[in-house]
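Peer 1: One structure, pasted below without further comment.
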Amino acid sequence: RKEVEQDPGPFNVPEGATVAFNCTYSNSASQSFFWYRQDCRKEPKLLMSVYSSGNEDGRFTAQLNRASQYISLLIRDSKLSDSATYLCVVNKGDSSYKLIFGSGTRLLVRP
Amino acid sequence: GAGVSQSPSNKVTEKGKDVELRCDPISGHTALYWYRQRLGQGLEFLIYFQGNSAPDKSGLPSDRFSAERTGESVSTLTIQRTQQEDSAVYLCASSLIAAAHDTQYFGPGTRLTVL
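Sequences listed follow chains X and B, in order.
Going from the first sequence to this note's numbering is simple: count from 1 and add 4.
Going from the second sequence to this note's numbering is simple: count from 1 and add 1474.
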C-alpha cells in the first residue's frame, strides 16, 4: 500500500464548479499535512497546510480526519487558473521533517 | 527575495557518464532536501542536509548517487555512471529549519535525460 494515495483524475469541471479531492495516508503517527499545487513542468508550491480543525483560504478549504486517516481539499467557484495537479503531502512520523508526496490529482477547469 | 535556484535546467547525457546537479537554497535556510520526480509520478525523497551534514541519506537509490553541501549553502547532487532509469526531474527544496511544520520551498528542478 502506498504511504499516501490519491485519485489521479483527471477531474474535468466547468468554471464555477465546486470540486473536492480526497487523499488517504497510512502512517497514523503523521502530524503535518499539506496540499501542494504543481503546474505542468513546474515545481510544487505550497497551497495550504491542513490543520486538525480544518482551515479555509479564500475558495479553498482543507479538512483532516485523523480517525479515518484522510485529508480533503475543496475548491469552490473553480477558475481556469486552478487547472493543475494537486499533491497531498504528509510527514513521515510524529516529528519527522521527511515529507511523503502523493502522486497527485489532476484538475482541468474548462471554460 | 530570491528563491531556490537550480542548474542546469536541462541536462542530456549519455549512459555511463557522470552528471552534477547544483542547488542554491534560499539564503539563511539551514535545511536542504533533494527529491526525484519521474514522469507522471510523485516526488521521491533522496537526501536531506542540516547545515553541511547529511543525517539522512536513506532515499539515495544506489551508491552511484552522492551529494554534498558546503558553506551551509550550495549543494551538489552527483550521479555517477548514469543509467536510463535515472532520467527524471531532480528537485531541490530548502526550509528555514528541518521541522515537520516548516514549509519547504522548491526550486524549478533539473530535467535529466539519459540516452
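We put the beta carbon where it would ideally sit given N, CA and C, even for glycine.
Return the residue from the list 15/X, 16/X, 13/X, 30/X that minimises the CA-CA distance to residue 97/X.
Peer 2: Nearest of 15/X, 16/X, 13/X, 30/X to residue 97/X, Cα basis: 30/X.
Peer 1: Going by DSSP in three states, residue 1560/B sits in which element: helix, strand or coil?
Peer 2: Reduced to three states, the DSSP call for residue 1560/B is helix.
Peer 1: At least one CB of chain X closer than 7 Å to the CB of residue 1520/B: is that the case?
Peer 2: Not one chain X Cβ lies under 7 Å of residue 1520/B.
Peer 1: Since residue 1521/B is in the beta strand (DSSP E), which residue starts that stretch and which ends it?
Peer 2: Residue 1521/B -> beta strand (DSSP E) spans 1517 to 1524.
Peer 1: Determine the closest residue to residue 1555/B out of 1537/B, 1582/B, 1575/B, with distance taken between C-alpha atoms.
Peer 2: Checked all of 1537/B, 1582/B, 1575/B; the closest Cα to residue 1555/B is 1537/B.
Peer 1: With a threshold of 7 Å between beta carbons, is residue 105/X in contact with chain B?
Peer 2: So, interface residue.
Peer 1: Which residue comes first and which comes last in the beta strand (DSSP E) that contains residue 92/X?
Peer 2: Its beta strand (DSSP E) spans residues 88 to 95.
Peer 1: Report the residue from 50/X, 69/X, 27/X, 105/X whose alpha carbon sits nearest the alpha carbon of residue 61/X.
Peer 2: That would be 50/X, whose Cα lies nearest to the Cα of residue 61/X.
Peer 1: With 9 Å as the limit, tell me which residues of the stretch 1570 to 1582 of chain B have their beta carbon closer than that to any beta carbon of chain X; keep them in chain order.
Peer 2: Per Cβ criterion, the list reads 1571, 1572, 1573, 1574, 1575, 1576, 1577, 1578, 1579, 1580, 1581, 1582.
Peer 1: In terms of alpha-carbon separation, which member of 28/X, 11/X, 10/X, 20/X lies closest to residue 81/X?
Peer 2: The shortest C-alpha separation from residue 81/X is found at 20/X.
Peer 1: Please state if the CB of residue 109/X and the CB of residue 25/X are separated by a distance shorter than 7 Å.
Peer 2: In contact: residue 25/X and residue 109/X (Cβ atoms closer than 7 Å).
Peer 1: Where DSSP assigns a beta bridge to residue 31/X, which residues make up the other side?
Peer 2: In DSSP, residue 31/X forms no bridge with anything.
Peer 1: With distances taken from CA atoms, which of 1540/B, 1481/B, 1492/B, 1477/B is nearest residue 1523/B?
Peer 2: Comparing Cα positions, the closest option is 1540/B.
Peer 1: If we ignore side chains and look at the alpha-carbon of each, how far apart do residue 1531/B and residue 115/X end up?
Peer 2: The alpha-carbon atoms of residue 1531/B and residue 115/X are separated by roughly 46 Å.
Peer 1: For residue 1481/B, which residues of its own chain have a beta-carbon under 6 Å away from its beta-carbon, when the five flanking residues on both sides are left out?
Peer 2: Once the five neighbours on either side are set aside, the close Cβ partners of residue 1481/B are 1496.
Peer 1: Below 9 Å between beta carbons is the criterion; list the residues of the stretch 1504 to 1516 of chain B that meet it against any residue of chain X, in chain order.
Peer 2: Listed by position along the chain: 1505, 1507, 1509, 1511, 1514, 1515, 1516.
Peer 1: Straight-line CA distance for residue 1525/B to residue 1566/B?
Peer 2: Rounded to whole angstroms, residue 1525/B to residue 1566/B spans 15 Å at the Cα level.
Peer 1: To the nearest angstrom, report how far apart residue 5/X and residue 28/X are at their CA atoms.
Peer 2: Looking at the two C-alpha atoms, the distance is approximately 11 Å.
Peer 1: Tell me where the beta strand (DSSP E) around residue 60/X begins and ends.
Peer 2: Element bounds for residue 60/X: 59 to 61.
Peer 1: Are the stretch 60 to 79 of chain X and the stretch 1494 to 1508 of chain B touching by the rule of at least three beta carbon pairs closer than 8 Å?
Peer 2: Cβ pair count under 8 Å is below three, so no.
Peer 1: Specify the secondary structure class of residue 85/X as computed by DSSP and reduced to three states.
Peer 2: DSSP places residue 85/X in helix when its eight states are reduced to three.
Peer 1: Is the CB of residue 47/X under 7 Å away from at least one CB in chain B?
Peer 2: Cβ-Cβ to chain B under 7 Å: yes for residue 47/X.
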